[in-house]
Amino acid sequence: MTNTSVLRFAPSPNGALHLGHALSALVTYEMSQKLGGRFLLRIEDIDLERCRPELESQMLDDLAWLGITWEEPVRRQSEHFETYTRSLVKLEEMDLLYPCFASRKDIAAHAVAGQTDPDGAPLYPGLHKGLTTAEANTRKNAGEPFALRLDMDRAINTASSMFPGPLTFRELNPNSGDVQTISAEPERWGDAMIARKDVPTSYHLAVVTDDALQGITHVTRGQDLFAASGIHRLLQVLLGLPEPLYHHHDLLRDETGRKLSKSHKDKSLASLRAAGASRADIRRMAGL
Ligand code: GLU
1175 MTNTSVLRFA PSPNGALHLG HALSALVTYE MSQKLGGRFL LRIEDIDLER
1225 CRPELESQML DDLAWLGITW EEPVRRQSEH FETYTRSLVK LEEMDLLYPC
1275 FASRKDIAAH AVAGQTDPDG APLYPGLHKG LTTAEANTRK NAGEPFALRL
1325 DMDRAINTAS SMFPGPLTFR ELNPNSGDVQ TISAEPERWG DAMIARKDVP
1375 TSYHLAVVTD DALQGITHVT RGQDLFAASG IHRLLQVLLG LPEPLYHHHD
1425 LLRDETGRKL SKSHKDKSLA SLRAAGASRA DIRRMAGL
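With this note's numbering as the guide, the letters of the sequence shown map in order to residues 1175 to 1462.
Here's what the structure looks like:
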């Protein structure tokens, strides 16, 4: 039996694709070709307010212009909330989630100075962890919106009873073929949000659910998501999902060393194309 490699590029249509995305898409696409594997495109649009169809169309157009081809149909996360609900129910049945009614402001006000998660956001200070079921139900019945958070200590304990040995993920160096074992350290995320207030999922839950469902063998993405792979491994163990190989590529930075982001409008592929940049120019600017 041959094991076909399956790779994906998973942009969020909440802004224009920029040079950093071009790098990520091309690294992934070219790795899939080198491995003789499949290449999938997944639209990560769970943020219904910020993600817009016209941004998605522009993204598809930019990717096709870069010479990338993908399998149809494209998976759009906003069409699969019931699938993520199934993962959520599983974690709920394991008694690993609790409701949190706090606003971003409440969290910032109670966070301990200097304690941040790997994304640099204030570490969730455990607000509402101690609410009794009756208290939580009263607030739910009153229609107060709530997120669901992972009880991280309990989740790590449960995972270690299901999966003996240290929790790790495997990082591939595509040039040498070496695979490094990385300590997952999901506790760095604290009691992470697993379902947002507005939709029954979060980035972390949707990604691990979809990667498993789509049979992704190699998760390739930027270094900014390196630490996220630690909590993704924890969720994979808890949900009984397979472990992919990871490759986190270097990030493109601006002149001041900051990671390129959606605010760098001048680096968007659409504006570079409009200014006459060729595919070869984009590759060069993306450092390929
Ligand atoms: N949707 C994420 C982003 O735009 C990438 C997710 C991933 O590759 O796991 O940054």
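Each residue gets a CB set at the ideal place from its N, CA and C atoms; glycine is no exception.
| Item | Value |
| --- | --- |
| Measure the alpha-carbon distance for V1180 versus D1352 and round it to whole angstroms. | 19 Å |
| In chain order, what residues place their C-beta within less than 6 Å of a heavy atom belonging to the ligand GLU? | A1184, P1185, S1186, E1218, V1381, R1395, L1399 |
| Indicate the three-state DSSP secondary structure (helix, strand or coil) for M1175 in the structure shown. | Its pLDDT being 48, under 50, M1175 is placed unreliably by the model, and the measurement read from it follows with that caveat. Three-state result, M1175: coil. |
| Kindly give me the distance between the Cβ atoms of A1190 and A1444, rounded to whole angstroms, as I take these residues to be in contact under 8 Å. | 6 Å |
| Could you tell me the boundaries of the alpha helix (DSSP H) in which A1448 lies? | 1443-1448 |
| Closest by CA to L1265, which one among L1305, A1282, T1383? | T1383 |
| Residue ranges of each alpha helix (DSSP H) run of no fewer than 4 residues wholly in the stretch 1341-1415, ordered along the chain? | 1377-1387, 1402-1413 |
| Output needed for R1212: all residues of its chain with C-beta closer than 8 Å, excluding positions within five of it in sequence on either side, in chain order. | T1178, S1179, V1180, L1181, S1206, E1245 |
| Span of the beta strand (DSSP E) holding I1217? | 1212-1217 |
| Given G1450, which residues of its chain have a CB within under 7 Å of its CB, disregarding the five upstream and five downstream residues? | none |
| For L1305 versus I1281, is the C-beta spacing smaller than 9 Å? | no |
| If you draw a straight line from the C-alpha of A1122 to the C-alpha of A1369, how long is it? | The shown model of the chain, from 1175 to 1462, leaves out residue 1122, and the question about it has no answer. |
| I think A1321 touches C1274, with their Cβ atoms under 8 Å apart; what is that distance to the nearest whole Å? | 5 Å |
| Can you grab the Cα-Cα spacing for the pair S1357 / N1347, in whole Å? | 16 Å |
| Quick one: what does DSSP say L1271 is sitting in, helix, strand or coil? | strand |
| One question on the structure: do S1350 and L1341 come within less than 9 Å of each other, judged by their Cβ atoms? | no |
| Curious, which full-length beta strand (DSSP E) runs of at least 3 residues does the stretch 1284-1338 contain? | 1321-1324 |
| Jot down the residue ranges of each uninterrupted alpha helix (DSSP H) in the stretch 1183-1260, minimum 4 residues, whole runs only, in chain order. | 1193-1208, 1227-1239 |
| Cβ of R1216 within 9 Å of Cβ of P1187? | no |
| Compute the Euclidean distance between the alpha carbons of P1338 and N1331, then round it to the nearest angstrom. | 11 Å |
| R1457 and L1200: beta carbons closer than 9 Å? | yes |
| So the alpha helix (DSSP H) A1454 belongs to, where does it begin and stop? | 1453-1459 |
| Considering L1143, what are the terminal residues of the beta strand (DSSP E) in which it resides? | The requested residue 1143 is not part of the displayed model; the chain covers only 1175 to 1462. |
| Among the residues of its own chain, which have a CB less than 8 Å from the CB of P1374, if the five just before and after it don't count? | F1255, Y1258, T1259, L1262 |
| Under the three-state reduction of DSSP, which class applies to L1462: helix, strand or coil? | coil |
| Counting C-beta neighbours from all protein chains within 10 Å, is the total for T1430 16 or more, i.e. buried, or is it exposed? | exposed |
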